[in-house]
Amino acid sequence: MDPEREPAIASARAALLSFYDAHRRAMPWRESQDPYAIWVSEVMLQQTRVETVIPFYERFLRRFATVTALAQADEADVLALWAGLGYYRRARLLHAGAKAVVARHEGKVPSDVTALKALPGVGAYTAGAIASIAFGLREPVLDGNVERVLSRWIALEGDPMAPAQRKVLWALAGRFADNPRPGDTNQALMELGATRCLPANPQCLLCPFAKSCAALALGTPERFPEKPKKAPPRTERWVAYVMCDPRGFWLGPAPSTLDRWTGMLLPPMVRLDADQAPEEIALAGMIRQEPLGTVTHILTHARMQITVFLATDLKESARPLVGEWVAPGELDARAIPKVTRVILAQAQEAMRKISSASARTKDSIRERKGRAIKGSSSASST
DNA sequence: CACGCGTGGTC
DNA sequence: TGACCAAGCGT
């Protein structure tokens, strides 16, 4: 890095820390000095907004107060507390990381970035965050916020994800972190990116970097960093079989073709081939009854079109599917992802219509009245 | 190393 | 309202 830039960095950093001291938002993990608590927060915050994380963080730390407690927990219980937060692999990796800390480090979270990065689920960013915030080490972080803030500050051209740009940004972040308050400096850069140096409509008038920002001097701060194009989401067609009886809903582990929800509970589901109709699918051990409708569930890279059928099982001895009955009131305590809630909500809605249409019939369906399940994905009855 | 990964908020 | 995006990681 150009040594001439050093005074500019010192000056910008001072303005940054003043901004942070005046405007830092309250967050529960900022009340803690426990490296384990910081670690949990950093993993939850990966690709996830602060406001979303807060209730999950508080519940998680109440339940698993120490790294040892987490290491000893069942994965299903860890995933149950993660349910609704998304990116469930994070929870499995955090769990594995806790076990590694117990096995390798006598249950104490290590402070050096090399040991941290060797833990499952801890990459360059999270290692730097733990080292600087929890241990006060002069280690940088580079997340999406810091990337944007620093790219604008120096008007960095080119793809910020490319190796050359990465190297420049990490080195610059390292200069910022190299001061007596590395944890605050790193959090200040992220706070600035999250509240002022926004992707669109940056609030440059309120920015502590305004005097020295190269992108602002060019008059086009929004042009930085360069944004790579994203592939449009593909469409996946699925069928889901909802089985219910007085014991609840039949839910089981995700099929091997659906590893995005590994460890989570889903109704029996099958992905359709391009030329397959939903009615062509026959799931072993089950009798399809009625098509209840379709739901669309949007993910980052895929759009799932799910045709929902009501089904009944054959004799229990003939049912080959792994799973269990989960009562409606028990759903919140289990590892139930959003997509399962959407499917069950659609089924409940459709069955409510069916039962009210045939009100005189003593349909067993009517006994199936769980509390309403929230769901924002679009649904339509057939 | 380009890609896949969940969900909810924002404009 | 749909497109964009958010304190990344592993493969």
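According to our numbering, the stretch in the first sequence is residues 72 to 453, in order.
We treat Cβ as the ideally placed atom computed from N, Cα and C, and that holds for glycine.
- Whose C-alpha, out of Thr365, Arg130, Glu77 and Lys179, is nearest the C-alpha of Gly155? Arg130
- Message: Checking 8 Å against the spacing of the C-beta atoms, do Gly334 and Pro399 come in under that value?
- Response: no
- Item | Close-in-space but distant-in-sequence residues of the same chain around Gly206 (CB under 6 Å, 5 per side omitted) | Note on identity: in this sequence residue 206 is Phe, with Gly being the wrong assignment. Excluding positions up to five away in sequence, the list reads Ser182.
- Could you tell me whether the region 288-299 touches the region 109-117, where touching means 3 or more Cβ pairs closer than 8 Å? no
- Task: Quick one: measure Cβ to Cβ for Ala373 and Arg308, integer angstroms, because I've assumed they're closer than 8 Å.
- Result: About 11 Å; that fails the 8 Å criterion.
- Message: So the candidates are Leu187, Pro191, Ile204 and Gly192; which of them puts its Cα closest to the Cα of Ala198?
- Response: Leu187
- Environment of Lys409 [buried if 16+ CB atoms lie within 10 Å]: buried
- Message: Taking the beta strand (DSSP E) that Glu262 belongs to, which residues open and close that run?
- Response: No beta strand (DSSP E) holds Glu262; the alpha helix (DSSP H) holding it covers Pro253 to Thr266.
- Task: Check whether the Cβ of Ile414 lies closer than 7 Å to any heavy atom of the ligand COA, and answer yes or no.
- Result: Within the structure as shown, the ligand COA is missing, as the structure has no ligands at all.
- Query: Per DSSP, what kind of secondary structure is Val212 in: helix, strand or coil?
  - Reply: coil
- List the whole-angstrom C-beta distance separating Pro279 from Ala86, where the pair is believed to meet the contact cut-off of C-beta under 8 Å. 4 Å
- Message: Which residue wins for smallest C-alpha separation from Ala151, given the options Arg163, Ala140 and Ala142?
- Response: Arg163
- Task: For the alpha helix (DSSP H) containing Asp148, list its first residue and its last residue.
- Result: Glu146 to Trp153
- Whose C-beta lies closer than 6 Å to the C-beta of Trp224 among residues of the same chain, with five residues either side of it excluded? Phe280 and Cys284
- Item | Reference Pro296, options Cys275, Cys268 and Thr123, closest by Cα | Cys268
- Query: Can you round the beta-carbon distance between Val379 and Val313 to whole angstroms, since I take them to be within the 8 Å contact cut?
  - Reply: 6 Å
- Nearest to Ala325 by CA position, among Pro338, Cys315 and Pro317, is which residue? Pro338
- Message: Taking 8 Å as the threshold (C-beta atoms), are Tyr91 and Asp255 in contact?
- Response: yes
- Does DSSP put Gln419 in a helix, in a strand, or in coil? helix
- Would DSSP call Thr453 helix, strand or coil? Note that Thr453 scores a pLDDT of 48, beneath 50, so its modelled location is shaky; the value from the coordinates is reported in the next line. Here Thr453 sits in coil by DSSP.
- Leu243, enclosing beta strand (DSSP E) - first and last residue: First-last for Leu243: Pro234 to Ala248, but that is the alpha helix (DSSP H), not the beta strand (DSSP E).
- Per-residue burial, Arg412 [other beta carbons within 10 Å of its own, 16 or more giving buried]: buried
- Alpha carbon of Val149 to alpha carbon of Asp249, nearest angstrom: 36 Å
- Message: Along the chain, where does the alpha helix (DSSP H) containing Phe90 start, and where does it finish?
- Response: Glu77 to His94
- Task: Enumerate in chain order the residues of its own chain whose CB-to-CB distance from His368 is below 8 Å, with the five nearest sequence positions on each side excluded.
- Result: Arg374, Met375, Ile377, Lys409, Val410, Val413 and Ser448
- Query: For His368, which of helix, strand or coil comes out of DSSP?
  - Reply: strand
- Item | Cβ neighbour criterion (16 or more within 10 Å) applied to Leu277 | exposed
- State the Cα-Cα distance for the pair Pro251 and Arg209, rounded to the nearest angstrom. 8 Å
- With burial defined as no fewer than 16 other Cβ atoms inside 10 Å of the residue's Cβ, what is the status of Gln143: buried or exposed? exposed
- Run through DSSP, which three-state label would Phe135 get? coil
- Item | Own chain, CB closer than 6 Å to Ile461, minus 5 neighbours either side, in chain order | The structure shown has nothing for residue 461, since the chain only spans 72 to 453.
- Consult DSSP for Val184 and reduce its assignment to one of helix, strand or coil. helix
- Query: Does the Cβ-Cβ distance between Glu262 and Arg101 come in under 8 Å?
  - Reply: no
- Query: Can you tell me whether DSSP reads Asp316 as helix, strand or coil?
  - Reply: strand
- Message: Using 8 Å as the threshold, is the C-beta distance between Leu38 and Leu381 below it?
- Response: The requested residue 38 does not occur in the structure, where the chain is confined to residues 72 to 453.
- Pick from Thr119, Asp105, Gly264 and Phe247 that is closest to Val138, judged by C-alpha positions: Asp105
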